[in-house]
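Here the structure comes first, spelled out in structure tokens, and everything after it is commentary.
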Ligand SMILES: CC(C)(COP(=O)(O)OP(=O)(O)OC[C@H]1O[C@@H](n2cnc3c(N)ncnc32)[C@H](O)[C@@H]1OP(=O)(O)O)[C@@H](O)C(=O)NCCC(=O)NCCS
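Residue numbers (this note's numbering): -5 to 177.
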């Protein structure tokens, strides 16, 4: 029988990269956009390993840049599924910078993202629940349902806000403002 749960370790993804000249910003530290793209990539693989389905990023819930990453550092990414709803999965990503000369390590960034598994018709599909084992996994798992509530609230707010987002060209928008002013 197919099991209806998976351990966090079954979705674990690990990857180590160098920082190349193309990847840095004006401060000669790793460009945040580059880091976010790599975070999304490893997290999406964790979601796919957990669900064994196509998955989409539903939200990037948090990305915290805790320490700058320098060209002399290696960059280690680790991600795994920490919590599941019905079709959604929360994925945690940690980024550890290691100074290659001294061996000093720092948690450079942490991130939490939500992915949704899709069926063959691109509709949300159920995923197995997840079971934590380590202290870190358990802490993230235990605190996840609170974060899920916050996400649900934020989604409601985003939907409400979307009603007010203009899709007009800027010149139409100015016209609209002038029309309103003369009413
Ligand atoms: C994510 C997506 C599939 C959800 O579809 P939907 O019609 O809103 O689906 P539902 O309302 O039935 O929600 C399905 C699940 O997604 C979760 N979800 C939907 N929007 C979410 C959001 N903004 N943040 C977090 N979770 C979200 C719901 O909580 C629900 O979880 P559950 O099944 O565990 O209870 C849809 O909004 C989408 O396709 N978005 C674009 C995704 C994308 O293009 N990503 C970037 C490239 S990968």
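Ideal Cβ placement from N, Cα and C applies to all residues, glycine included.
This one's a predicted model, so the numbers in the text were calculated from it and none came from an experiment.
Could you check where the beta strand (DSSP E) with residue 83 kicks off and where it finishes?
Its beta strand (DSSP E) spans residues 82 to 93.
Can you give, in chain order, each stretch of the alpha helix (DSSP H) that sits fully within the region 43 to 75 and has at least 4 residues?
Counting whole runs of 4 or more residues, the region 43 to 75 contains no alpha helix (DSSP H) stretch at all.
If you drop the 5 nearest sequence neighbours on each side, which residues of the same chain put their C-beta closer than 6 Å to that of residue 7?
Excluding residues within five positions, the ones whose Cβ falls inside 6 Å are 36, 39, 40, 73.
Give the single residue among 22, 45, 109, 162 whose Cα lies nearest to the Cα of residue 34.
When only C-alpha atoms are compared, the closest one is 109.
Helix, strand or coil for residue 152? Go by DSSP, reduced to three states.
Of the three classes helix, strand and coil, the one that applies to residue 152 here is helix, per DSSP.
Following a CB-centred definition, is residue 145 positioned closer than 7 Å to any heavy atom of ligand 1?
Yes.
Using DSSP with H/G/I as helix, E/B as strand and the rest coil, what is residue 145?
Looking at residue 145 - three-state DSSP - the assignment turns out to be helix.
With hydrogens ignored, establish whether the beta-carbon of residue 149 is closer than 7 Å to any heavy atom of ligand 1.
Yes - ligand 1 has a heavy atom lying nearer than 7 Å to the Cβ of residue 149.
With a Cβ-Cβ cutoff of 8 Å, do residue 107 and residue 67 count as a contact?
Cβ atoms of residue 107 and residue 67: not closer than 8 Å.
Can you name the residues that DSSP bridges to residue 134?
Answer is none; residue 134 lacks a bridge partner.
Per DSSP, what kind of secondary structure is residue 118 in: helix, strand or coil?
Correct three-state label for residue 118: strand.
Please indicate yes or no: does the CB of residue 51 lie closer than 7 Å to some heavy atom of ligand 1?
Yes, the beta carbon of residue 51 sits closer than 7 Å to at least one heavy atom of ligand 1.
Return helix, strand or coil for residue 6, following the three-state DSSP convention.
Three-state DSSP puts residue 6 in coil, outside helix and strand.
Take residue 126 and list the residues in its own chain whose beta-carbon comes closer than 6 Å to its own, dropping the five residues that flank it on each side.
Contacts found: 2, 132, 135.
Do residue 60 and residue 104 have their C-beta atoms within less than 8 Å of each other?
Cβ atoms of residue 60 and residue 104: closer than 8 Å.
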